[in-house]
Amino acid sequence: MSSPTLTLASVDLSSYLPIFIMVLAAVGFGVMNVMLTQVLGPKRAGARKGETYESGMTPIGTARKRFNVRFYLIAMVFLVFDVEVVFLYPWGVTFANLDPGTHEGMIWLGRILFFLFTTIVAYLYGFRKGVFSFD
Amino acid sequence: MAIVVHVILIGVAYSIYLERKISAYIQDRVGPNRVGFGFGQAWLHSLFMLPGIKLLRLDRALGLGQPLADGLKFFLKEDYRPTNVDKVLFTLAPVIVIVPALIGFMIIPWGGMWDMPLVDLPLIGEIGGEMVHVAGANINIGVIYLLAVGSLGVYGITLGGWASNNKYSFLGGLRCTAQMISYEIPMGMSLLAVVLVFGSFMPERMIADQSENGWMVFRMPLAAVLFFTCALAEANRAPFDNAEAEQELVGGYHTEYSSMRFALFFLAEYSHMITSSAFFALLFLGGWSLNPLGVGPHMEPVAGSFLLVLAKFGIYFGKVMLLVCFMMVIRWTLPRMRYDQIMMLGWHALIPIALTLVIITSFMRQFGMMDWWMLTIANVALVAVAMALQPMLQRSLGNPTANRQIPMYGSRFNPVPGAVVNTAPTDPMALEDRPVQGAVTTV
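Protein chains in written order, with this note's numbering: chain U, 25 to 159; chain R, 17 to 459.
Have a look at this one:
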């Protein structure tokens, strides 16, 4: 068994072919199901029936309202962390294949620790600003 | 591939059946047991009443026909679209939900390697005669693909909640988005800690490593717990199912959906569950490995005959099913967490712990301390230290807006001192219906 190593040379797009086929099949499945049920199901329209469901009451306004700013904050902090994690993966798999205890490994470790440190600062800032507090 | 999709979907449908049965046993009920493969149709019924298979009672086989009947029923229901919805997104959302749920399975290495014999098929020609990965696709980014595809599922749910133009759906969609993106971070970090130990993204190599050195769940117990918690939250399963809290949001993002579109949301949830169980089994339970502690003889990750592949598939599938059952038991035994508790758990606890775990693991990697007992001790020690530090950190960092309940003075339950408060119902119909003895009526 020779599993391909993680080098650029081994990037072979043909190995992604089954995934592309599967994506097509999944899209086809979803579209087909939605269309089939529109064809097969009954169709009865009505003014009350077309109303938005609000536990049987007459709907008050729309749902297109302003919502809590906290969700934006969470999304922004998420971006910080997500980009960090994306950068950590290639580092992680390369670092794990370095020889332990070498000078080179120390440099790799130090650099990523600095990178993580910036994220920790961002986390603490968000924490003090109350981004992660809910009431 | 169409066959693969349908095999997956039947698996998903039967996991819904399994959930109904498990919930029934937990609640001391019987669960679905009426619908067999006869579906109540006389001609199908008579088909199963042939003398040879009469004993099997296939017309009423433990309710096993229930998922199929449910699936057929969904097709025949009205696909209703309320008038206020955003038409394009409302139609698109279920498809966007189901696609990532179905393509995630592709890299799960169900059966290891298969030494496929050379076969001469008509039309296709000669195939085989080489090593075949028994997986949908053997790609070099491996588990990253699974993580990426898993997090794509949030789009469909957000769009569905937004497009419905319903307050319940909108709240459910928002909650779900915030929860899923929050729990993606600790999930990715615990995966990273594990990848630092494996040194590879390839599923085959992860299983080979675990088959030789013991399962990862014993080496990295903390990472396993973090990962499982996040997997539950990513799949919107209880106790993190706030997005579709029935009692508060009447279904959340799929309130306005009916017929097959609703079913697509449902199928996506269950296939996410199976995918994340398979992911967990791959990372922490050794895939098809049957050697938990890494001692004694172990299965070599070499290509084998069809029987070996089948055995490996059986072991892997058994682990996945056990995990799925575990998730179901969790759902039916634990109460739902409150939304702010979920977010606080994610941001205050899981993310710092996962980050610390990554740093500790990379230090151990650098100093060559990769024996399994060292890793275990480090994990357990981190849990202990985190639990000891928690009250101290809480005190020093503080909690800018503490979770406090503000009493509403002047309300019925917190009256202003000295005030006369009417605690009886004020609705005339209710008064007439059920007069309260000794009630102070103020009009």
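Cβ atoms here follow ideal geometry from the backbone N, Cα and C, with glycine treated the same way.
Query                                                                                                                                                                                     : Result
Tell me which residues share the same chain as Ser274(R) and place their Cβ nearer than 7 Å to its Cβ, disregarding the 5 neighbours each side in the sequence.                           : Lys93, Glu94, Asp95, Tyr96
Using a Cβ cut-off of 8 Å, which residues of the region 271-296 of chain R contact any Cβ in chain U, in chain order?                                                                     : Thr271, Glu272, Ser275, Met276, Arg277, Ala279, Leu280
Flag Thr392(R) as yes if its beta-carbon sits less than 8 Å from any beta-carbon of chain U, otherwise no.                                                                                : no
Of all the CB atoms in chain U, is at least one closer than 8 Å to the CB of Val459(R)?                                                                                                   : Any reading at Val459(R) needs caution, since the residue's pLDDT is 46, under 50, leaving its predicted position unreliable; the model's value is listed next. So, not an interface residue.
Need the endpoints of the alpha helix (DSSP H) that Pro110(R) sits in, please.                                                                                                            : 103-119
Output yes if chain R places a C-beta closer than 8 Å to the C-beta of Phe102(U); else output no.                                                                                         : yes
Along chain R, which residues have their Cβ under 8 Å away from the Cβ of Phe156(U)?                                                                                                      : Met359, Met360, Trp363, His364
At 4 residues or longer, and completely inside the region 320-391 of chain R: list those alpha helix (DSSP H) runs for me, N to C.                                                        : 322-349, 355-360, 367-382
Mind listing which residues of the region 38-52 of chain U have their C-beta closer than 7 Å to chain R's C-betas, in chain order?                                                        : Ser39, Tyr40, Pro42, Ile43, Ile45, Met46, Val47, Ala49, Ala50, Val51
Along chain U, in chain order, which residues have C-beta atoms closer than 8 Å to that of Thr99(R)?                                                                                      : Gly74, Glu75
For my contact list, Pro110(R) and Leu280(R) are in at a C-beta cut-off of 8 Å; report their separation, rounded to the angstrom.                                                         : 4 Å
Which residues bound the alpha helix (DSSP H) around Phe91(U)?                                                                                                                            : No alpha helix (DSSP H) contains Phe91(U), which DSSP labels as neither H nor E.
Excluding sequence positions up to five away, which residues of its chain have a Cβ less than 7 Å from the Cβ of Leu301(R)?                                                               : Trp231, Val233, Lys335
So which residues of chain U does Leu190(R) contact, with C-beta pairs closer than 7 Å?                                                                                                   : Phe91, Phe95
Which residue from Trp363(R), Val436(R), Met390(R), Met386(R) puts its Cα closest to that of Ala99(U)?                                                                                    : Trp363(R)
What is the rounded straight-line gap between the Cα of Pro83(R) and the Cα of Ala29(R)?                                                                                                  : 5 Å
Using C-beta distances below 6 Å, list every residue in its chain close to Gly129(U), excluding the 5 sequence neighbours before and after it, in chain order.                            : Leu122
If you follow the alpha helix (DSSP H) that His288(R) is in, where does it begin and where does it stop?                                                                                  : 275-299
So with Cβ pairs under 8 Å, would you call Pro110(R) a contact of chain U?                                                                                                                : yes
Would Asp95(R) pass as an interface residue toward chain U - the criterion being a Cβ-Cβ separation below 8 Å?                                                                            : yes
Kindly indicate if chain R contains any beta-carbon less than 8 Å away from that of Ile131(U).                                                                                            : no
Within 8 Å of any Cβ in chain R, is that where the Cβ of Phe139(U) sits?                                                                                                                  : no
If you drop the 5 nearest sequence neighbours on each side, which residues of the same chain put their C-beta closer than 7 Å to that of Ile24(R)?                                        : Leu118, Phe121, Ser287
Say whether the region 255-267 of chain R touches the region 183-202 of chain R, bearing in mind that this needs 3 or more beta-carbon pairs closer than 8 Å, one atom from each stretch. : yes
Is Leu306(R) near the ligand NAD, judged by its Cβ being under 7 Å from some heavy atom?                                                                                                  : In terms of ligand content, the structure shown is empty, and the ligand NAD therefore cannot be addressed.
Using only the alpha-carbon positions, how far apart do Phe139(U) and Val113(R) sit?                                                                                                      : 34 Å
Would you mind sorting Trp304(R) into buried or exposed? The rule is 16 or more other CB atoms within 10 Å of its CB.                                                                     : buried
Compile a chain-ordered list of the residues in the region 53-67 of chain U whose CB is closer than 7 Å to at least one CB of chain R.                                                    : Phe53, Gly54, Val55, Asn57, Val58, Leu60, Thr61, Gln62, Leu64, Gly65, Pro66, Lys67
Quick one: is Met218(R) buried, meaning 16 or more other Cβ sit within 10 Å of its Cβ, or exposed?                                                                                        : buried
According to DSSP, is Gly74(U) helix, strand or coil?                                                                                                                                     : coil
For Phe256(R), would you say it is in contact with chain U, using Cβ-to-Cβ distances shorter than 8 Å as the test?                                                                        : no
Roughly how far, in whole angstroms, is the beta-carbon of Arg347(R) from the beta-carbon of Ala254(R), given that I think they are within contact range, below 8 Å?                      : 4 Å
Within the continuous alpha helix (DSSP H) that includes Arg253(R), where are the two ends?                                                                                               : No alpha helix (DSSP H) contains Arg253(R), which DSSP labels as neither H nor E.
Against chain U, with Cβ distances strictly below 8 Å, would Arg381(R) count as a contact?                                                                                                : yes
Taking all protein chains shown into account, decide if Asp44(R) is buried (16 or more other Cβ within 10 angstroms of its Cβ) or exposed.                                                : exposed
Mind listing the chain U neighbours of Asn182(R)? Cutoff is C-beta to C-beta under 7 Å, in chain order.                                                                                   : Thr76, Tyr77, Ala87
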